[in-house]
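Everything below concerns the one structure shown next.
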Amino acid sequence: MVSLMKKDDIFSTPVWQGVPAPLFSKVIGTDRKYDLSIVGAGILGLVTSLFAARSGVSVCVLDSGLVGGGASGLNGGQVIPGLKYDPEDIIKQLGAERGERLASFVGASSDRVFSLIKDEKLDVSQSRTGWIQASLTMEALETAAGRVTQWQSRGADVGLLDKVQIQALTGAQGYAGGWIDRRAGVIDPLAYVRELARIAVNSGVHIFEENKVSRIVSNGSSWELETSTAIVKAQKVLLATNAYCDELLPQLKRSLVPVHSFQIATAPLPEILGAAILPGGQAVSDSRRVLAYYRRSPDGRFVLGGRGRMSEPSSADDWNHLARTMVRLFPQLAGIKIEKRWFGRVALTPDHWPHLHQPESGLWAFVGCQGRGVALMTAMGQSLGRFFADGDQGHLPFPVTPIQPIAFHSMHKIAVAATIGIYRTLDAFNL
Ligand SMILES: Cc1cc2nc3c(=O)[nH]c(=O)nc-3n(C[C@H](O)[C@H](O)[C@H](O)COP(=O)(O)OP(=O)(O)OC[C@H]3O[C@@H](n4cnc5c(N)ncnc54)[C@H](O)[C@@H]3O)c2cc1C
């Protein structure tokens, strides 16, 4: 498996099999002019480029690394509809009409992923067997029951699970119950992002890897993007950089708190061990404040992720907390070999909402998926692609909001680190 990052860092290579990485140009050449230039070759950038290009827009996608080298190729591959907020919270925030529209948009976001894979015949390992949100306490189970009622009243295929049912579905110890969302499923995320790039190129999109955009300048009616190899001109620009935002737009970077999510994968489980662990192939997240999420991989491994340290990891020991979580849930996995460890960045916002921004005319950004972006970024990419094609803001389900940089941004990161420590302690005692 080839590392996704430029430097050959063992901790940046996920367990996913992917499909062979397509070859993209690293050299842009001169006099490049596009209707739309997208910074970031993750799910959002690629899906937007695909839908815009198919409507006749000339598009290029620029990435400082390789396609899928951000969160899109490194994530857990859990395709979960919805936001962190429940439909009624969304309605409270946006009002009945706009809120109901957004709830329906995010509720259908996993459909978009599985339809795209099917309709475009993408070579992506996938199964649509549902996602379980497991409740550790009776209080969390009550919240789950409310969630089920809200989604069922909107026609979603979801259901509440009691202690016995969740034990049978997960094989894990210690849950009071939970709920299952059958709209969800799992994919190989690296194959997905690479296949998106392949069909985008087939639709006329120009993708340039290893071209960090270091400056964007407006010259009145259009934009110039400066990279290490060229200057690209574009009528419109989308920053699809999410948690990997750099100093390109400093206020955007300061509106987010990037947090590391770490993952481990065991060796393929022997049949005798594996048969009782997620026998139905569901994905799981638990209801902890510092949550753990897990699934089986297509080649039979157990893959578990969770929050990691704020600074970049320096040794395999930095993943030990995940191995301990795994054994607490599945004592039978004690001693099983951990074969892979990797990590990526997740973008949190202070209000836990994703944000759509237009800081200047023709310059757009959509960021902050709170660690749940596979389905959301696919659906949002389709909407943005249509919007860039015809200019109709009616395609955009999220309100356009001003960028709000966090005061004392670097201290906010320290506060997050401290909060995670406190939450870990509370979670350990199920408080
Ligand atoms: C470890 C981990 C596990 C996760 N698990 C799940 C999961 O199971 N389910 C789920 O729904 N979500 C999950 N997520 C979240 C999900 O992966 C992201 O929300 C989603 O992939 C974001 O996609 P994106 O296209 O917006 O950004 P990204 O895929 O992060 O792409 C951003 C790109 O922008 C590029 N970039 C940044 N700055 C520049 C610049 N100046 N010039 C050029 N390029 C630039 C970066 O190189 C990067 O490739 C997980 C995230 C992580 C990190």
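First residue of the sequence shown: -9, per the working numbering; consecutive thereafter. Using N, Cα and C, we set each Cβ at its ideal position, and we do this for glycine too.
Take the alpha-carbon of His345 and the one of Gly271: they are about 32 Å apart. Judged by the Cβ position, Arg335 qualifies as a neighbour of ligand 1 at the 7 Å threshold, a heavy atom of the ligand being closer than this.
For the pair Ile33 and Val183, the CB atoms are nearer than the 8 Å cut-off. Within 7 Å of the C-beta of Asp53 there is at least one heavy atom belonging to ligand 1. Comparing C-alpha distances from Ala230 to each of Thr20, Val17, Phe320, Gly59 shows the shortest one belongs to Gly59. The alpha-carbon of Ile70 is positioned some 12 Å away from that of Gln360. The stretch 315 to 398 is shown to contain whole beta strand (DSSP E) runs of 3 or more residues at 328 to 338, 345 to 350, 353 to 357, in chain order. Between the stretch 44 to 59 and the stretch 74 to 89, the count of C-beta pairs closer than 8 Å stays below three; the two stretches do not touch.
Look at Arg184 here: in three-state DSSP terms it is helix. Boundaries for Ser301: no alpha helix (DSSP H) harbours it, and the DSSP string shows neither H nor E there. By the CB criterion at 8 Å, Leu64 and Gly371 fall outside the cutoff. Gly167 is the residue among Arg118, Gly167, Ala233 whose C-alpha sits nearest the C-alpha of Thr133.
In this structure, the beta-carbon distance from Tyr283 to Gly67 does not fall below 8 Å. Classified as buried, Ile107 has 16 or more neighbouring CB atoms from the shown chains inside 10 Å of its CB. For Glu199, the secondary structure class from DSSP, reduced to helix, strand or coil, is coil.
Set against 7 Å, the gap from the CB of Met367 to the closest heavy atom of ligand 1 is smaller. Put simply, of Ser100, Gly375, Gly97, Ala31 the residue whose alpha carbon is nearest the alpha carbon of Lys226 is Gly375. At the C-beta level, Ala337 and Asn232 come within 8 Å of one another. When C-beta atoms of the stretch 255 to 270 are compared with those of the stretch 313 to 331, three or more pairs fall below 8 Å, so the two segments count as touching.
In chain order, Ile189 place their CB closer than 6 Å to the CB of Glu110, counting only its own chain and leaving out the 5 sequence neighbours on each side. Between Ile267 and Leu215, the alpha-carbon positions lie close to 49 Å from each other.
Annotation for Ile197 indicates a beta carbon at 7 Å or more from all heavy atoms of ligand 1. Below 8 Å, too few C-beta pairs join the stretch 86 to 105 and the stretch 241 to 248 to call them touching: fewer than three. When the five nearest sequence neighbours on each side are left out, the beta carbons in the same chain lying within less than 7 Å of the beta carbon of Ser373 are those of His385, Leu386, Pro387, in order along the chain. DSSP places Ser99 in the uninterrupted alpha helix (DSSP H) bounded by 99 to 109. With a cutoff of 7 Å, Thr231 counts as near ligand 1, since its C-beta is closer than that to a heavy atom of the ligand. Distances from the CB of Tyr234 to the heavy atoms of ligand 1 include at least one below 7 Å. Of the candidates Leu126, Phe104, Val17, Ser62, the residue whose Cα lies closest to the Cα of Gly363 is Ser62. Taking all protein chains in view, the Cβ of Ser304 is surrounded by fewer than 16 other Cβ atoms within 10 Å, so the residue is classified as exposed. With distances taken between CA atoms, Arg118 lies nearest to Arg102 out of Leu126, Met128, Ala124, Arg102. The DSSP-derived three-state label of Asp276 is strand.
Closest in C-alpha terms to Thr127, from the list Arg144, Gly164, Pro12, comes Gly164. As the crow flies, the alpha-carbon of Arg173 is around 24 Å from that of Ala86.
When the beta-carbon positions are compared, Tyr24 and Val154 stay at least 8 Å from each other. For Val293 and Pro10, the gap between their C-alpha atoms comes out near 22 Å.
The C-beta distance from Trp169 to Gly149 rounds to 7 Å, short enough to meet the 8 Å contact threshold.
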